[in-house]
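Note sheet for the following structure.
Numbering (our numbering), first residue to last: 249 to 483.
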């Protein structure tokens, strides 16, 4: 089994618990307005690796992430290559390695079920809270994401929700409360991570000759994130 991979991060500290070996898959069906990695969109890009090659890479870092960390598969959108990720997670479990899936919750639902059979944690990017906003800003479907989140609940897999805070777009207290209230409806929900919008990706867009839709929006500051975290903590 082979898959297209964009890149690796040897020891990541923000993609699940502990230190983690992070695999960024190539290919994504969404076109999010604030996407940081447009170079992951095209499934024809990246490099081809076998599951065995990726497992070999991950095992080299096992002494570092030990029991507190593990392996996270991100993207792009990993569910676009669900067959590969499913096989990868199966073998990682055979080697007693914690697995985390960082996904936007889009893709074939039956394929997602296969992946989740060997997934210890789901980190799902909940980008907006309405179908209209999903269509407008991601070219995706809110309903599909909810279907995926219900699947994680049915399979009782711990769920972390992630939400990008964009000033002037998703930074209102009303929006963040909507995201939080939506998230906690799922019995497997463990926490909400608010991620600040940044524009370090503009150079990638320029080099690819495409326009960055949110180039005129302000970046999100740490103080803005802290204010919204305090809002949630009061609930």
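Even for Gly, the Cβ is constructed at its ideal location relative to N, Cα and C.
Check, Outcome
"Segment contact, 8 Å Cβ cut-off, at least three pairs: the segment 385-401 with the segment 348-361", "yes"
"Run of the beta strand (DSSP E) containing residue 255, from where it starts to where it stops", "250-260"
"Helix, strand or coil at residue 346 [DSSP, three-state]", "coil"
"Option nearest residue 446 by Cα separation, candidates 483, 413, 399, 304", "413"
"Touch test, the segment 424-432 against the segment 452-466, Cβ-Cβ under 8 Å, three pairs minimum", "no"
"Reduced DSSP secondary structure (H/G/I, E/B, other) of residue 415", "coil"
"Length at least 3, wholly inside the segment 311-337: the beta strand (DSSP E) runs in chain order", "318-322"
"Sub-8 Å separation of residue 288 and residue 301 beta-carbons", "no"
"Member of 267, 256, 282 whose CA lies at the smallest distance from the CA of residue 297", "256"
"For residue 373, the first and last residue of its enclosing beta strand (DSSP E)", "369-373"
"Inter-stretch contact at 8 Å, needing at least 3 Cβ pairs: the segment 317-337 / the segment 260-273", "yes"
"Three-state secondary structure assigned by DSSP to residue 378", "coil"
"Spatial distance of residue 383 from residue 391 (CA atoms)", "11 Å"
"Closest Cα partner of residue 330 within the set 276, 450, 306", "276"
"Rounded C-alpha distance that separates residue 292 from residue 481", "43 Å"
"Helix, strand or coil at residue 428 [DSSP, three-state]", "helix"
"Spatial distance of residue 473 from residue 406 (CA atoms)", "24 Å"
"Nearest to residue 333 (by Cα), restricted to the options 349, 290, 343", "349"
"Cα-Cα separation between residue 400 and residue 299, rounded to whole angstroms", "24 Å"
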